[in-house]
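Numbering (full-length UniProt numbering), first residue to last: 1 to 752.
Positions of the beta carbon are idealized from the N, C-alpha and C atoms, including for glycine.
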């Protein structure tokens with residue numbers, strides 16, 4: 001819909017349509033809207049045979065052609081733009097860099113309530129409704145209204161005031177009954193706005209003094225905020241060194257200067273505690289953005305930021321698009337975390353977009369981690385980022401002592417027939433008993449959910465696999481079901497092998513099994529589990545973390561959710577149940593991610609007044625990430641890993657793009673993969689440019705949800721060197737059969 005007709009250029013509008021179509025579209029601006037449109041406004045436009053949500057981007061600069069009739073914008077859906085100009089620039093960059101339709105990029109950045117073609121409505125704050133009795137006893141005139149008498153009697157019995165929900169739960173139909181009582185002047189209905197609070201256990205005060213390293217970092221960041229302009233920093237601080245306090249002081253300073261701040265965390269698991277710390281410091285001047293909130297809450301926070309009534313946004317990766325007014329500071333906490341990479345639709349890396357946004361907005365950007373991503377570390381070493389270091393823990397607390405348990409010789413064997421031996425070694429069990437006996441807390445880390453990860457036939461040796469995916473089913477004992485963690489299919493545990501009816505061995509371990517074993521071995525301990533099966537909602541997650549912070553639990557068993565920057569002073573023992581789970585993954589980042597996870601979870605120990613210790617169980621004590629982690633040697637690990645990456649031309653010494661294919665018919669999918677591979681091969685630049693093609697080849701997990709998967713991998717010294725090939729690939733997708741889906745993933749986070 002690019003062509004235009006002869007018209008006054010000022011009356012032509014460039015619009016991105018919220019549909020999976022590429023490019024901008026030209027529409028006529030009706031006389032009634034002339035001069036009143038602002039870039040970033042949501043509009044309703046005709047598209048195809050119907051109407052669609054559009055985003056006005058400004059006057060169209062398309063050349064004039066005859067013979068084509070343009071359609072007019074139907075109406076504007078909001079008074080002021082949903083998207084400020086600086087955010088439009090970021091979304092344009094994201095659409096171009098990550099090869100995704102601009103309209104879809106904009107629509108995906110908006111909260112519920114703004115992402116569909118409806119008029120904007122102001123979201124309401126959280127409220128509670130109460131009923132208050134205006135009389136002290138049930139009057140005689142209610143003798144003929146038993147329902148009203150019952151509702152009033154209930155109110156009087158509980159002290160004269162109660163939540164509407166409570167009364168309605170106790171007395172069916174009480175809502176309407178209370179309205180009638182209110183009309184008769186016997187009851188008053190009250191609406192109370194809920195101020196954002198902090199769950200008990202997650203509140204933290206402002207420390208009286210900073211360490212010298214913290215003070216130096218804060219002064220540097222405050223000076224950069226005062227100076228204005230783009231300046232990226234890497235804040236490399238060991239676990240427990242007080243990076244969060246540095247963020248808080250920098251945000252505090254930005255707020256005093258009238259500037260807004262954006263703080264990104266990797267996952268919802270880290271959000272409750274960090275939000276608790278920010279709200280303890282800044283009260284209601286903090287907007288929270290993550291998918292665990294109700295739609296109304298997300299819209300309310302978004303609108304508060306856009307109006308400028310709230311200056312601080314805290315959220316997960318999608319919050320990089322938050323409309324923070326007068327943005328002066330961006331913080332990316334745990335910047336190394338793979339959760340910052342989106343794996344569907346717009347496949348963006350939020351950490352990288354945060355840096356781009358900081359550059360566009362002229363803001364200070366702080367990337368913080370105890371184990372920086374190698375890409376970030378290399379940028380700091382090359383001088384592109386300034387390095388700030390926190391080498392010591394707060395209050396001179398020592399780093400935790402780390403001990404190795406070699407499972408090749410230490411693992412007990414007790415002769416079970418259908419299950420593996422207990423996973424807790426004698427050393428680990430003894431350490432846990434001693435810690436709990438002292439009234440201290442324990443974290444057990446295992447990055448696998450479920451009870452048993454493999455069901456294997458004792459007779460024929462076949463494992464129970466998902467019908468639609470090339471992966472083993474996981475046994476969840478609490479549900480008495482086996483579940484595929486890729487497609488979600490689940491069914492009851494089979495009584496025997498599908499092929500030969502032999503007995504099934506339950507092998508491999510998950511957090512559910514670890515939790516059960518801890519409860520059995522330490523019957524007096526209060527044990528809970530933190531993974532995606534147990535933390536089924538944001539409320540449940542927050543309450544679980546708050547309970548652990550209040551020391552109502554002794555042992556917390558969890559996946560990587562327990563490793564994400566939490567600060568629990570009562571934890572003195574961290575146990576890594578199995579350090580080997582991610583080492584064998586066919587991904588060039590496997591070693592880096594193993595080192596990151598082990599170091600991060602170990603850092604949860606000894607953050608209070610008592611020293612911490614870490615026990616690491618492994619079958620691979622000589623693996624490089626394990627050895628370096630045991631010695632607290634990040635520099636040595638990074639040096640060796642960077643040498644290997646440079647020799648093989650992997651990031652940070654190359655830019656990458658993965659072309660992923662999936663289709664229902666294996667032969668057709670393979671044929672399309674070869675076609676795209678040949679296309680790239682024919683248009684490869686000279687070898688001196690340094691562009692390389694790997695594949696096409698079957699993906700490491702060759703089938704998911706019944707679809708065969710292939711991939712190609714492109715590597716080049718710069719993204720600019722990849723751009724021409726990606727453009728050719730994009731153009732060729734129009735010729736790909738509809739039965740094969742092709743996705744271009746720029747800067748892929750994983751090779752699976």
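Taking DSSP's pairing of strands, which residues face residue i in a bridge?
{"i": "residue 597", "result": "For residue 597, which the question treats as bridged, DSSP gives no partner whatsoever."}
{"i": "residue 341", "result": "349"}
{"i": "residue 710", "result": "661 and 698"}
{"i": "residue 334", "result": "Bridge partners of residue 334: none, in fact."}
{"i": "residue 484", "result": "Answer is none; residue 484 lacks a bridge partner."}
{"i": "residue 492", "result": "481"}
{"i": "residue 129", "result": "191"}
{"i": "residue 740", "result": "663"}
So what does DSSP say about residue i, is it helix, strand or coil?
{"i": "residue 629", "result": "helix"}
{"i": "residue 51", "result": "strand"}
{"i": "residue 677", "result": "helix"}
{"i": "residue 347", "result": "coil"}
{"i": "residue 150", "result": "helix"}
{"i": "residue 72", "result": "strand"}
{"i": "residue 618", "result": "strand"}
{"i": "residue 378", "result": "helix"}
{"i": "residue 88", "result": "helix"}
{"i": "residue 323", "result": "coil"}
{"i": "residue 179", "result": "helix"}
{"i": "residue 417", "result": "At residue 417 the pLDDT is 44, less than 50, meaning the model places this residue with poor confidence and gives no usable figure here."}
{"i": "residue 278", "result": "helix"}
{"i": "residue 656", "result": "strand"}
{"i": "residue 547", "result": "helix"}
{"i": "residue 78", "result": "coil"}
{"i": "residue 369", "result": "strand"}
{"i": "residue 310", "result": "coil"}
{"i": "residue 412", "result": "Residue placement at residue 412 is poorly supported in this model, since its pLDDT is 49, which falls under 50; the coordinates still yield a value, given next. Reduced to three states, the DSSP call for residue 412 is coil."}
Starting from residue i, follow the beta strand (DSSP E) in both directions and report where the run begins and ends.
{"i": "residue 406", "result": "401-406"}
{"i": "residue 232", "result": "231-237"}
{"i": "residue 161", "result": "161-163"}
{"i": "residue 41", "result": "Taken as a continuous stretch (DSSP letters only), residue 41 belongs to no beta strand (DSSP E), as it is neither H nor E."}
{"i": "residue 260", "result": "260-264"}
{"i": "residue 98", "result": "Premise fails: residue 98 is in no beta strand (DSSP E) and is neither H nor E."}
{"i": "residue 476", "result": "474-476"}
{"i": "residue 14", "result": "12-17"}
{"i": "residue 769", "result": "The chain is shown only over 1 to 752; residue 769 falls outside these bounds and no answer can be derived."}
{"i": "residue 389", "result": "386-390"}
Under DSSP, the alpha helix (DSSP H) around residue i begins and ends at which residues?
{"i": "residue 525", "result": "Segment: none, residue 525 is in no alpha helix (DSSP H) and carries neither H nor E."}
{"i": "residue 295", "result": "295-307"}
{"i": "residue 212", "result": "212-227"}
{"i": "residue 113", "result": "Careful: residue 113 lies outside any alpha helix (DSSP H) and carries neither H nor E."}
{"i": "residue 636", "result": "634-648"}
{"i": "residue 436", "result": "426-437"}
{"i": "residue 519", "result": "511-521"}
{"i": "residue 26", "result": "First-last for residue 26: 25-28, but that is the beta strand (DSSP E), not the alpha helix (DSSP H)."}
{"i": "residue 397", "result": "Where residue 397 is concerned, there is no enclosing alpha helix (DSSP H), given that its DSSP letter is neither H nor E."}
{"i": "residue 572", "result": "Careful: residue 572 lies outside any alpha helix (DSSP H), inside the beta strand (DSSP E) at 571-576."}
{"i": "residue 246", "result": "243-256"}
{"i": "residue 287", "result": "Premise fails: residue 287 lies in the beta strand (DSSP E), 286-289, not in any alpha helix (DSSP H)."}
{"i": "residue 505", "result": "First-last for residue 505: 504-507, but that is the beta strand (DSSP E), not the alpha helix (DSSP H)."}
Between the beta-carbon of residue i and the beta-carbon of residue j, is there less than 8 Å?
{"i": "residue 602", "j": "residue 402", "result": "yes"}
{"i": "residue 624", "j": "residue 600", "result": "no"}
{"i": "residue 224", "j": "residue 364", "result": "yes"}
{"i": "residue 662", "j": "residue 607", "result": "no"}
{"i": "residue 455", "j": "residue 483", "result": "no"}
{"i": "residue 335", "j": "residue 367", "result": "yes"}
{"i": "residue 610", "j": "residue 440", "result": "yes"}
{"i": "residue 242", "j": "residue 397", "result": "no"}
{"i": "residue 76", "j": "residue 33", "result": "yes"}
{"i": "residue 475", "j": "residue 450", "result": "yes"}
{"i": "residue 410", "j": "residue 522", "result": "no"}
{"i": "residue 626", "j": "residue 616", "result": "yes"}
{"i": "residue 261", "j": "residue 329", "result": "yes"}
{"i": "residue 104", "j": "residue 18", "result": "yes"}
{"i": "residue 588", "j": "residue 752", "result": "no"}
I'd like to confirm something about residue i: is its beta-carbon nearer than 7 Å to some heavy atom of the ligand NAD, or not?
{"i": "residue 226", "result": "Within the structure as shown, the ligand NAD is missing, as the structure has no ligands at all."}
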